[in-house]
Each structure stands twice: as structure tokens, then as C-alpha cells.
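**Student:** Converting from the sequence shown to the numbering used here requires adding 124 to each position, the first position being numbered 1. Just so it is clear, CB atoms sit at the ideal spot from N, CA and C, and this is done for glycine as well.
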Amino acid sequence: CKQVSFAAKGYDLDLTVPPERILEAVEIIDQHGFAIDNLSGVDWPEQSQLEVVYDFIHFEGPLHVVVRTRLPRDHPEIASISSVFSGANWHERETAEFYGIKFIGHPNLIHLILPDDMVGYPLRKDFKFHA
125 CKQVSFAAKG YDLDLTVPPE RILEAVEIID QHGFAIDNLS GVDWPEQSQL
175 EVVYDFIHFE GPLHVVVRTR LPRDHPEIAS ISSVFSGANW HERETAEFYG
225 IKFIGHPNLI HLILPDDMVG YPLRKDFKFH A
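(1) Asp-167 and Leu-236: beta carbons closer than 8 Å?
(2) Out of Val-191, Ile-160 and Gly-244, state which residue places its alpha-carbon closest to the alpha-carbon of Pro-142.
(3) With a threshold of 8 Å, are at least 3 pairs of Cβ atoms found where one atom belongs to the segment 181-190 and the other to the segment 208-215?
(4) Considering only C-alpha positions, which residue in the set Ile-205, Ser-172 and Pro-186 is nearest to Asp-250?
(5) Mapping DSSP to helix, strand and coil, what is Asn-162?
(6) Could you tell me whether the segment 174-189 touches the segment 140-160, where touching means 3 or more Cβ pairs closer than 8 Å?
Here it is, written out as C-alpha cells:
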């Protein structure tokens with residue numbers, strides 16, 4: 125079983141969590157009064173991976189938690205956290221359409237910005253723009 129790794133600096137905590145434990149991690153974060161601030165993707169083509177980065181804030185103090193997880197680039201799927209943090213809904217939709225990450229269990233994983241017939245994922249580093 126993989127362990128969660130972390131680094132703490134000041135009031136910030138940066139966690140790396142295996143994808144199969146993402147729901148467990150965000151449920152604990154929710155139980156401690158945090159709110160979702162942002163969710164984004166990072167493309168790591170050299171490692172054939174995509175990363176999902178979750179940013180959480182706590183309004184009662186200067187507390188910030190970042191949770192990272194890596195997915196295989198050829199099959200990037202992870203559980204949706206929108207059932208825990210409803211504010212993640214649009215962030216997951218945007219990350220899905222720009223990086224091709226499938227958020228399993230998302231209630232409405234349709235395009236938010238790009239046309240429905242868009243081919244490819246514009247924020248992946250190998251995407252070719254055509255004018």
C-alpha cells in the first residue's frame with residue numbers, strides 16, 4: 125500500500141496522494157473545515173502522466189492545503205470529488221475538457237468552454253493548434 129507523502133511549510137501543506145485514495149483524502153480535508161479553492165491539471169509527457177492538483181483553503185486562518193495525484197496519460201481517470209465539494213464541479217469539467225481527464229462519478233461531465241466537436245486537449249503539451 126502506497127503511503128501519502130507530504131511537505132509542510134509555514135501554514136501550507138502539500139500532499140501527494142495515490143489516485144485511488146483521493147476521495148478519502150478530500151473527505152478528511154472537508155471534515156477539518158476546508159473549502160475547495162481551485163482544481164487544475166498539469167501535463168508531464170516525459171513521464172507519460174497527467175497530474176491533478178487540488179487547492180484547499182481554510183477561512184478561519186491562513187491555512188492552505190494542496191493535494192496532488194498522478195494519472196497515466198493514456199488512461200487518465202480519477203474519482204470526482206464533486207460529491208464532497210460541490211465547488212469542484214466546474215473545475216473538473218474544465219480540467220476534463222482541457223486535459224482529457226475523466227472524473228468518474230461526475231454528475232454532468234460535459235464541455236464547459238470548448239465546442240463539443242473539439243478534437244484533442246488544448247492544455248496538453250503535445251497539442252497542435254491549427255488556425
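**Tutor:** Let me lay it out:
(1) As a position in the sequence shown, residue 167 is number 43, starting the count at 1. As a position in the sequence shown, residue 236 is number 112, starting the count at 1. Contact flag unset, no.
(2) Position 18 of the sequence shown, counting from 1, holds the residue named residue 142. Taking only the C-alpha atoms, the option nearest Pro-142 is Val-191.
(3) The segment 181-190, when compared against the segment 208-215, does not touch it at the 8 Å Cβ threshold.
(4) In the sequence shown, counting from the first residue as 1, residue 250 sits at position 126. Checking every option, the nearest Cα to that of Asp-250 belongs to Ser-172.
(5) Numbered from its first residue, the sequence shown carries residue 162 at position 38. Strand.
(6) yes
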